[in-house]
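Residue numbers (my numbering): 7 to 481.
From the three backbone atoms N, C-alpha and C, an ideal C-beta is built for every residue, glycine too.
First the structure, in the form of structure tokens, and then the observations on it.
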């Protein structure tokens, strides 16, 4: 109910209740104005309706409120604080200045790394650092191909043959052929060893090298793989080289063996070199593959005999062996063999007697004992009276096939890996009046040309001494 409506009702009630009895009483015969009565009633109804509506609205908005809705608060993740770390700080002693006299400098060029078999695709077996930003070499950080980025390059000059590279291999013939009197004997061989060790001592730090001695298919390498040049490794090399062919009673190379070949094992040339037992073309081919598998940039052979590419004796077939077995079983062959064996006993005594007599004469002249490098009988002027037993004739892999093999081998070891095959150089050491075998000079030239190398012929001790060039090489 509104305030206006309440006020009208109260006025009417008050008027009715408080009027004095009889003073304001109307006469019963008088009548209320009907129009006024309608106005009053309409006003009362309107006020009552308005008051009702206002009351409903008030109750709806204030008294009856929508019940509050509560949502569960998200869970709060509590992270554990990190554990307390206690650090014990110990007082450091005051630094003391070391006296300058205790400071030392040590060359670190001699860095040797154990052999590790690492298979890196497209990088080869021997990655090295060299000049420029050239190609990446192939094989091993350490086997593979020529190509580098330039930090270990060295100039090499061996008896006048020069080369500039980062990885070198020096292979020296240790056969008795190198020790002949006409070539200067042990003194000449000592000069050759000195040339090699001198050259190694002049290599730049970081240049890789290896040295090997060979005789009759057996090779002794200074290290299994090339190592970095330096003072300490040079001293080690000198000690290793020193006893080789120094004492006439202890000639040869200790620890030499027939090194296994790895590349192209099924090729007929590989099989032929694997089975050979004596020099010639088979030995040259075998040593060439040994050198190529060292993953170097330049190879130097110093030898008393080299015929370049020559045909290689192939392994005997079962048919050839069966045919030869029939020959050796014949009575005629057996008689020849027995006669030669009987004379060998006598000939051995003759050789010993003749050699003792000769060495006595040499000692009187201040000369070392004579070294027999081949057939003692022929070298001492003796002759057999019996017939030599026949030998089984081998079949051969011809020179053209041998060259094709080494072209394929170079591709497998180098070109296919983005590298370049090494240059192969030959220093041929002969006596003063010695002549090359027929065809060997042309074959040797073809051989070094094939490997982009050079060759030189040196005769006798005097020429060896004058041709030495390692000591003046600057790196």
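Shown here, residue 276 sits in a helix according to DSSP, grouped into three states.
Distance from the CA atom of residue 166 to the CA atom of residue 305, rounded to whole angstroms, is 14 Å. With a cut-off of 8 Å on Cβ pairs, the segment 309 to 319 is in contact with the segment 398 to 407, counting three or more such pairs.
A straight-line Cα-Cα distance of about 45 Å links residue 349 and residue 243.
Within the same chain, and ignoring the five residues on either side of residue 382 in sequence, the residues whose Cβ sits closer than 6 Å to its Cβ are 357.
Taking 8 Å as the cut-off, the beta carbon of residue 188 is found closer than this to the beta carbon of residue 466. Going by C-alpha positions, residue 59 is about 21 Å away from residue 45.
Where residue 470 is concerned, the enclosing alpha helix (DSSP H) starts and stops at 466 to 473. The segment 193 to 202 and the segment 326 to 333 do not touch, with fewer than 3 CB-CB distances between them shorter than 8 Å. Taking residue 184 as the centre and dropping the five residues before and after it, the same chain places the C-beta of 195, 310 and 435 closer than 7 Å to its C-beta, in chain order. For the 8 Å CB-CB criterion, residue 258 and residue 221 form a contact.
Counting the other CB atoms within 10 Å of its CB gives residue 206 a total of 16 or more, which places it among the buried residues. Residue 214 and residue 272 do not touch by the CB rule: their CB atoms are close to 30 Å apart, not below 8 Å. Restricting attention to 393, 279, 175 and 325, the CA atom closest to the CA of residue 307 is found in 175. Our two residues, residue 254 and residue 191, have alpha carbons roughly 10 Å apart in a direct line. Judged by beta-carbon spacing, residue 395 lies beyond the 8 Å limit of residue 474, meaning their Cβ atoms are not closer than that value.
Spatial neighbours of residue 481 in its own chain (CB-CB distance under 7 Å, excluding positions within 5 residues in sequence) are listed in chain order as 160, 161, 208, 209 and 210. Setting aside the 5 residues that flank it on each side, residue 178 is surrounded in the same chain by 219 and 308, each with a C-beta closer than 6 Å to its C-beta; the list follows chain order.
Take residue 449, set aside five residues on each side of it, and the residues of its chain with a beta-carbon closer than 7 Å to its own are 313, 314, 315 and 316, in chain order. When the Cα atoms are used, residue 264 and residue 228 turn out to be separated by approximately 15 Å. The shortest CA-to-CA distance from residue 428 to any of 169, 43 and 40 is the one to 169. Per DSSP, the beta bridge partners of residue 169 are 162.
Between the alpha carbons of residue 445 and residue 251 lies a distance of about 30 Å. Cβ-Cβ separation between residue 296 and residue 225: approximately 6 Å, consistent with a contact (criterion under 8 Å). Bounds of any beta strand (DSSP E) do not take in residue 202; it lies within the alpha helix (DSSP H) bounded by 191 to 207.
Put simply, of 453, 433 and 336 the residue whose alpha carbon is nearest the alpha carbon of residue 287 is 453.
Inclusion of residue 298 and residue 416 in the CB contact set at 8 Å is warranted, their separation being smaller than that value.
In this structure residue 470 does not touch residue 182 by the C-beta definition: roughly 17 Å separates them, more than the 8 Å allowed. Judged by their CB atoms, residue 340 and residue 216 are not nearer to each other than the 8 Å cut-off. Going by beta carbons, residue 269 and residue 419 fall inside the 8 Å limit. The continuous beta strand (DSSP E) containing residue 433 extends over residues 429 to 436. In this structure, residue 476 and residue 204 form a Cβ contact; the two beta carbons are roughly 4 Å apart against a cut-off of 8 Å.
Each residue's CA atom was taken as its position, placing residue 202 and residue 164 some 8 Å apart. Collapsing the DSSP output to three states places residue 224 in a strand. Burial check for residue 65: the Cβ neighbour count within 10 Å stays below 16, so the residue is exposed.
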